[in-house]
Structure formats: C-alpha cells, structure tokens
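Enquirer: Going letter by letter, the sequence shown gives residues 2 to 405 in the numbering used here. Every residue, glycine too, gets a C-beta built ideally from N, C-alpha and C. What follows is a structure written as structure tokens; I'll ask about it next.
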Amino acid sequence: MDESERGAWLAITRVPGIGAQRTRRLLEHFGDLHRAWTATAGSLVASGLDRRAVDQLIATRGAYDPRRDLDRLETLGATALTWRDPEYPAPLLAVVDAPPVLFVRGRLDALLAPSVAIVGTRRATGYGREQSERFATDLVRAGWVVASGLARGVDTYAHRGAVAALSASGAARPGTVAVMGHGIDTVYPPENARLAAQIIECGALVSDYPLGVGPAADHFPARNRIISGLSLGTLVIEAPPGSGALITTTYANDQGRQVYALPGPVSSPASEGCHRLIQQGARLVTSAEDIVIDLLPSLAMMGRPIPSRQGPLSPTGRTVDRQRPQLAINFEERDQGDANISGGPGSAVIQVLRDASRPMHVDEIARAAQISSSEIAGLLMMLELDGWVRDDGSLEYSLARHPD
Numbered sequence: 002m003d004e005s006e007r008g009a010w011l012a013i014t015r016v017p018g019i020g021a022q023r024t025r026r027l028l029e030h031f032g033d034l035h036r037a038w039t040a041t042a043g044s045l046v047a048s049g050l051d052r053r054a055v056d057q058l059i060a061t062r063g064a065y066d067p068r069r070d071l072d073r074l075e076t077l078g079a080t081a082l083t084w085r086d087p088e089y090p091a092p093l094l095a096v097v098d099a100p101p102v103l104f105v106r107g108r109l110d111a112l113l114a115p116s117v118a119i120v121g122t123r124r125a126t127g128y129g130r131e132q133s134e135r136f137a138t139d140l141v142r143a144g145w146v147v148a149s150g151l152a153r154g155v156d157t158y159a160h161r162g163a164v165a166a167l168s169a170s171g172a173a174r175p176g177t178v179a180v181m182g183h184g185i186d187t188v189y190p191p192e193n194a195r196l197a198a199q200i201i202e203c204g205a206l207v208s209d210y211p212l213g214v215g216p217a218a219d220h221f222p223a224r225n226r227i228i229s230g231l232s233l234g235t236l237v238i239e240a241p242p243g244s245g246a247l248i249t250t251t252y253a254n255d256q257g258r259q260v261y262a263l264p265g266p267v268s269s270p271a272s273e274g275c276h277r278l279i280q281q282g283a284r285l286v287t288s289a290e291d292i293v294i295d296l297l298p299s300l301a302m303m304g305r306p307i308p309s310r311q312g313p314l315s316p317t318g319r320t321v322d323r324q325r326p327q328l329a330i331n332f333e334e335r336d337q338g339d340a341n342i343s344g345g346p347g348s349a350v351i352q353v354l355r356d357a358s359r360p361m362h363v364d365e366i367a368r369a370a371q372i373s374s375s376e377i378a379g380l381l382m383m384l385e386l387d388g389w390v391r392d393d394g395s396l397e398y399s400l401a402r403h404p405d
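Right, here's the structure in full:
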C-alpha cells in the first residue's frame, strides 16, 4: 500500500461518524480510500453517505494532513495496519465491526500468534492479582500470547505475568498485547508507563484510536471488542456486577469466541460476576492448561499453528523439532507428551491403535476408546504433536511409536 492510500485510511479514521460500516461502503464504491478521501461531495453522496457524513469528511479534509500522523508513527516506531494489510490479525478481521485501522506500537508478530484474553476488575483482590499473574505466566510458558487492556488491577497483573514469563525463559517470541482506549502515543494509567515500555519490547500496544486521542470513559468499553476479537478465548479472573470485564464477555459471545471464568470465594463480591458467567454457560477453569486444551480444536479449525514452548530442549532433555512444534504445556515441569498417555483418555487411544495394528478412522477410534466426538479431535492432535500417533490422511490415524 502506498503512502497516499495509507494516509487516506488514517484520514478516514479522523472523520466523526465514519466507522467500519461506512468505510466498507466507501471501499465498495471507490475501490480504495484515497479516491474516497479526494472525492467530490456529489460522489460521496452517490457512495451512500448521508449529507452530514459528507460534510464532516469535507471539513476534516480541510483541516487534517495525513502526513503529520505518518511522520509521528515513524518517530514512534509504530505502524498503522489496515484491513488490506496481510499483517492485520485474522481473528479480529473476522469480527463484523473490526476497526478499519489498527495502530500498533511494538512487535507485529504479537498479533499473529494465538492469544487468550485475560480481563477483570480494576479493584482486584489479592486473590485476583495472584491468579491473573499465574494464568498469564502459564499461558505464555505454553506459547500463547496474553491480551489485556493495561488497566489497573487484573489487566496490569496479567501483563506483568506475561512479561515476567518471557524474561525468565529468555524466549525471543512475543508474549502480550495491550489494547488501549486512547492513542498509542499515550499511556494510561500513567503508573503503567514502565510496564508499557516492557510490553513494546515483548509484545505490542494496540488501539483503534488515532494518535493524540486521550483516554475517556466511553472509550474503554468499546476497546473491549478488540481484546476479545484478537483472542480465541476470554478469561475473566474477577468481576463484580457491572464490571467492564463483563462487557468483554458479551463481545466474545457475539464474536463466537469461548468465555472462561475463574471461580472465587462465594463470599467475595469480586467473584460474583464470574460465578454468574459460569451459571450462564461460561467454562469454569482452574488452570491455564484447561484453556489450552479446550482451544486446541479451535486452532485446528482456523488452520493456526499450535503454540510451542521455545528452546532447544524439552524438560526431559529430548530435542524439540522446531519444524513441527510440540505441545509443551509443562505447567508442573513434567513431560506433557508422557502425561498425555498416563492413565487418561490418551492411553485409551494408544491401546486401541496398538490392538488394531492398522490405521483407524477418527470415529472408529472414538467409539473404541469411548471418547466423545467433541474431544477426540483435540486429543489426537495432542498425541500427534507429541509423536505418539500419525495422521495417515482421510481422518485415519495409526500408532507412530509404542510406549515403553
């Protein structure tokens, strides 16, 4: 995309009242936004914009020079991604009201890795702070990116846990994304300035608000759609009734993403929203492992790579194949590959395939191992990634190696 076209995308974000729907209409009519930005009033009306929107666009055109934002982005080392950029995150692009422009300060690869959102109250209890950090740390160790909002409370501790996990491991991959309700040239709350700088190094600050736009109360609920839209699942750590975190779960449901909730003390108002979510169908989780295993089928359906632990060796000293990454959950410093077949459903699958001594269809395996069809796909994927089974094509699997 050339500079004039990218500048037009930035310009359109500055026009009051022109959001995703009207931007899409302009693209359909003009083919690109530079033509729309420079179009006559008559052409803009013909595109379907009402007179008020046309007047606002023309007024903005007279007062705004996109070059200023392009220069400022370059100074910040930041990027403005549009719908038409290949780096625009696919999960967010699939959302109906995906922002036409996503401002990113940090690592673009943080937006391409599978992520889980961690959200919750700004007034987190000691339990909430501890659990936010624990879940984020374990998710990052498992190779996932943690998305949150850089707000006080749960968000802050989730980002801290993600940053700490990467620092401890020395991994070069990204670990966390902070979605903000203001321009990426501002940090709010100000006490998180150091944390924001760390996130830029090991992840990204993201916003759909243009540069120079400051924080405002009505910005934060709207940015929650991006937090959930970037993520395959959203975990609520603590949320009293009326918490903004519950808005994020509404967006997640509307976007077809999974919602998880952490139970807390029944006497704690901070956990009341989580308990209500569980009653309404959110999945109760007590560890990051619960989330990782639950999301494996979603990764497979989207054709996304399975996140893997970084480093040349597994916990047992076996070499990890970087071309075909292992599922390395490793929450308890154990070899998950062996855990998958130790007395659980994985061992039943191994036994069925060993007895058959031939490739078996996935449905046949599920029946013989007495495992539901909703669980068998994720389990076979884990066993394949750990080297126990082989995908022979046409949904048939065979044993790749025998247990000792």
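Please give the ranges of any beta strand (DSSP E) in the stretch 208–278, keeping only runs that are unbroken, at least 3 residues long and fully inside the region.
Expert: For the stretch 208–278, whole beta strand (DSSP E) runs of length 3 or above, ordered along the chain, are 234–237, 259–262.
Enquirer: Which ranges does the alpha helix (DSSP H) cover as unbroken runs of at least 4 residues, wholly within the stretch 92–154, from first to last along the chain?
Expert: Listed in chain order, the complete alpha helix (DSSP H) runs (minimum 4 residues) inside the stretch 92–154 are 127–142.
Enquirer: For arginine 130, does the count of other Cβ atoms within 10 angstroms reach 16, so buried, or fall short, so exposed?
Expert: The sequence position of residue 130 within the sequence shown is 129, counting from 1. Flag for arginine 130 reads buried.
Enquirer: Can a CB atom of chain B be found closer than 8 Å to the CB of valine 207?
Expert: Absence of chain B from the displayed structure is noted, only one protein chain being present.
Enquirer: So is leucine 285 buried or exposed if we call it buried at 16+ other beta carbons inside 10 Å?
Expert: Taking the first residue of the sequence shown as 1, we reach residue 285 at position 284. By the neighbour-count rule (16 or more Cβ atoms within 10 Å), leucine 285 is not buried but exposed.
Enquirer: Since proline 190 and valine 146 should fall inside the 8 Å C-beta cutoff, what is the C-beta to C-beta distance between them, to a whole number of angstroms?
Expert: Along the sequence shown, one-based indexing puts residue 190 at 189. Along the sequence shown, one-based indexing puts residue 146 at 145. 22 Å between Cβ atoms; not a contact.
Enquirer: Short check: CB of proline 100 to CB of aspartate 209, under 8 Å?
Expert: In the sequence shown, residue 100 corresponds to position 99, counting from 1. In the sequence shown, residue 209 corresponds to position 208, counting from 1. In contact: proline 100 and aspartate 209 (Cβ atoms closer than 8 Å).
Enquirer: Taking the alpha carbon of threonine 138 as the reference point, which residue from Val120, Ala163, Ile238 has its own alpha carbon closest?
Expert: The sequence position of residue 138 within the sequence shown is 137, counting from 1. That would be Ala163, whose Cα lies nearest to the Cα of threonine 138.
Enquirer: Enumerate in chain order the residues of its own chain whose CB-to-CB distance from alanine 369 is below 6 Å, with the five nearest sequence positions on each side excluded.
Expert: In the sequence shown, residue 369 corresponds to position 368, counting from 1. Result list for alanine 369: Val353, in chain order.
Enquirer: In angstroms with no decimal places, state the Cα-to-Cα distance between methionine 181 and glycine 127.
Expert: Counted from its first residue, the sequence shown places residue 181 at position 180. Counted from its first residue, the sequence shown places residue 127 at position 126. Cα to Cα, the separation comes out at about 24 Å.
Enquirer: Where do the ends of the beta strand (DSSP E) carrying alanine 79 lie?
Expert: As a working mapping, residue 79 is identified with position 78 in the sequence shown. Run containing alanine 79: 79–83, per the beta strand (DSSP E) assignment.
Enquirer: Taking C-alpha atoms, which residue in Gly204, Gly257, Thr235 lies nearest to leucine 263?
Expert: One-based indexing of the sequence shown puts residue 263 at position 262. Closest option to leucine 263, Cα to Cα, is Thr235.
Enquirer: I need the straight-line Cα distance from glycine 176 to alanine 246, nearest angstrom please.
Expert: Within the sequence shown, the letter at position 175 stands for residue 176. Within the sequence shown, the letter at position 245 stands for residue 246. Their backbone Cα atoms lie some 21 Å apart in a straight line.
Enquirer: Quick one: give me the first and last residue of the beta strand (DSSP E) that glutamate 397 is part of.
Expert: For this step, residue 397 is matched to residue 396 along the sequence shown. Note, glutamate 397: beta strand (DSSP E), 397–400.
Enquirer: Can you tell which of Arg153, Val102, Ser48 has the C-alpha that lies nearest to the C-alpha of glutamate 239?
Expert: Residue 239 sits at position 238 when you count from the first residue of the sequence shown. Nearest C-alpha to glutamate 239: Arg153.
Enquirer: Using the beta-carbon count (16 or more within 10 Å), is histidine 183 buried or exposed?
Expert: Your numbering for residue 183 matches position 182 in the sequence shown. By the 10 Å Cβ count, histidine 183 comes out buried.
Enquirer: Work out the CA separation of aspartate 392 and alanine 205 for me, nearest whole Å.
Expert: By one-based count along the sequence shown, residue 205 stands at place 204. By one-based count along the sequence shown, residue 392 stands at place 391. Roughly 36 Å separates the two Cα atoms.
Enquirer: Tell me the DSSP bridge mates of glycine 204?
Expert: Taking the first residue of the sequence shown as position 1, residue 204 is located at position 203. Thr177.
Enquirer: For aspartate 70, does the three-state DSSP call read helix, strand or coil?
Expert: Position 69 of the sequence shown, counted from the first residue, corresponds to residue 70. Helix.
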